[in-house]
Amino acid sequence: KAGVTQTPRYLIKTRGQQVTLSCSPISGHRSVSWYQQTPGQGLQFLFEYFSETQRNKGNFPGRFSGRQFSNSRSEMNVSTLELGDSALYLCASSLQGALTEAFFGQGTRLTVV
Amino acid sequence: DAKTTQPNSMESNEEEPVHLPCNHSTISGTDYIHWYRQLPSQGPEYVIHGLTSNVNNRMASLAIAEDRKSSTLILHRATLRDAAVYYCILRGGGGSNYKLTFGKGTLLTVNP
Numbered sequence: 005k006a007g008v009t010q011t012p013r014y015l016i017k018t019r020g021q022q023v024t025l026s027c028s029p030i031s032g033h034r035s036v037s038w039y040q041q042t043p044g045q046g047l048q049f050l051f052e053y054f055s056e057t058q059r060n061k062g063n064f065p066g067r068f069s070g071r072q073f074s075n076s077r078s079e080m081n082v083s084t085l086e087l088g089d090s091a092l093y094l095c096a097s098s099l100q101g102a103l104t105e106a107f108f109g110q111g112t113r114l115t116v117v
Numbered sequence: 264d265a266k267t268t269q270p271n272s273m274e275s276n277e278e279e280p281v282h283l284p285c286n287h288s289t290i291s292g293t294d295y296i297h298w299y300r301q302l303p304s305q306g307p308e309y310v311i312h313g314l315t316s317n318v319n320n321r322m323a324s325l326a327i328a329e330d331r332k333s334s335t336l337i338l339h340r341a342t343l344r345d346a347a348v349y350y351c352i353l354r355g356g357g358g359s360n361y362k363l364t365f366g367k368g369t370l371l372t373v374n375p
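Protein chains in written order, with our numbering: chain G, 5 to 117; chain X, 264 to 375.
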């Protein structure tokens with residue numbers, strides 16, 4: 005079966021801009037969770053959506069937001085980009101919930117200049 | 264808050280068993296222990312998870328200490344494809360109010 009697809013794979017943005025990342029989960033998976041990965045902080049949880057509702061969120065500022073559509077596809081938006089937002093953004097889908105036998109996409113590498 | 268501690272790196276030889284430790288001395292009773300691994304340029308891959316009892320699957324075994332303050336991921340026969348960063352992660356709480364605690368990961372090198 006098709007895996008988790010994240011688009012785009014690479015992105016370069018300027019400080020102050022906003023960006024939208026997309027995640028298509030495995031068919032049938034209603035849970036989509038997002039993570040930020042940096043060399044300094046490692047993996048950090050951003051939020052989880054389940055059946056179009058945000059079920060939980062990590063400790064990130066309000067500039068980070070997301071949504072989930074009726075087909076379970078999810079988008080993540082970061083507004084007013086800062087240099088520190090440069091990271092690998094990963095999404096994962098699962099049947100039961102964040103990190104429970106979840107499948108990850110390859111990530112979107114965001115560089116803010 | 265719970266915290267997980269893993270060695271930065273470990274080395275193994277091909278076809279030998281590997282024991283990857285994780286310390287989580289402040290784990291709470293409802294925290295599940297999850298292990299994922301990440302190969303270069305890829306997203307993490309699910310390995311195994313458990314709560315109290317030892318767990319086995321086709322990829323690995325998870326041994327959980329009786330007091331649950333530590334756990335060990337066991338790869339029974341390491342292969343070159345097992346070279347990756349292994350993350351120990353706690354998922355705590357129930358329902359929608361869970362907390363995720365990530366380890367920094369252990370870089371496993373497998374020598375041929």
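Quick reminder that beta carbons are idealized off the backbone N, C-alpha and C, glycines included. Please read these numbers as outputs of a predicted model, since none were measured by experiment.
Quiz prompt | Same chain, Cβ closer than 6 Å to Tyr14 of chain G, five either side skipped, listed in chain order | solution = Residues Arg113 of the same chain have their beta carbon placed closer than 6 Å to that of Tyr14 of chain G, with the five preceding and five following residues left out of the count.
Quiz prompt | Burial state of Asp330 of chain X, where buried means 16 or more other Cβ atoms lie within 10 Å | solution = Counting Cβ neighbours within 10 Å, Asp330 of chain X comes out exposed, since fewer than 16 surround it.
Exercise. Would you tell me roughly how many angstroms separate the C-alpha atoms of Asn276 of chain X and Asn374 of chain X, rounded to the nearest one?
Key: If I take the Cα positions, the gap works out to 5 Å.
Quiz item: What is the C-beta distance between Gly70 of chain G and Ser78 of chain G, in whole angstroms, given that I count them as a contact (C-beta under 8 Å)?
Solution: Contact between Gly70 of chain G and Ser78 of chain G holds, with the beta-carbon distance rounding to 6 Å and staying under 8 Å.
Quiz item: Exposed or buried, what is Gln72 of chain G when buried is set at 16 or more other beta-carbons lying within 10 Å of its beta-carbon?
Solution: Around the beta carbon of Gln72 of chain G, 16 or more other beta carbons sit within 10 angstroms, so the residue counts as buried.
Self-check item: C-alpha distance - Asp345 of chain X paired with Ser304 of chain X, whole-angstrom precision
Solution: Their backbone Cα atoms lie some 14 Å apart in a straight line.
Self-check item: Minimum Cβ-Cβ distance from Val8 of chain G to chain X less than 9 Å
Solution: Chain X contact via Cβ: present.
Quiz item: Whose C-alpha, out of G:Leu92, G:Thr84, G:Phe68, G:Pro12, is nearest the C-alpha of Gln45 of chain G?
Solution: Of the listed residues, the one whose Cα sits closest to Gln45 of chain G is G:Leu92.
Practice problem: Closer than 8 Å by C-beta to Thr342 of chain X: which residues in its own chain qualify, once you throw out the five before and the five after it? Chain order, please. | Solution: Cβ neighbours of Thr342 of chain X beyond the five flanking positions: Glu277, Glu278, Val373.
Quiz prompt | Which listed residue (G:Val23, G:Glu105, G:Ser37, G:Gly20) has its alpha carbon closest to that of Ser146 of chain G | solution = In the structure as shown, chain G begins at 5 and stops at 117. Residue 146 of chain G is therefore absent and cannot be evaluated.
Self-check item: Burial state of Pro29 of chain G (16 or more Cβ within 10 Å)
Solution: Buried.
Exercise. For the beta strand (DSSP E) containing Glu277 of chain X, list its first residue and its last residue.
Key: For Glu277 of chain X, no beta strand (DSSP E) run applies, since DSSP gives it neither H nor E.
Quiz item: In the segment 288-308 of chain X, which residues sit with their C-beta less than 9 Å from some C-beta in chain G, listed in chain order?
Solution: Listed in sequence order: Tyr295, His297, Tyr299, Gln301, Ser304, Gln305, Gly306, Pro307, Glu308.
Quiz item: Three or more C-beta pairs closer than 8 Å, one from the segment 359-369 of chain X and one from the segment 317-329 of chain X: is that the case here?
Solution: Counting Cβ pairs under 8 Å, fewer than three are found: no touch.
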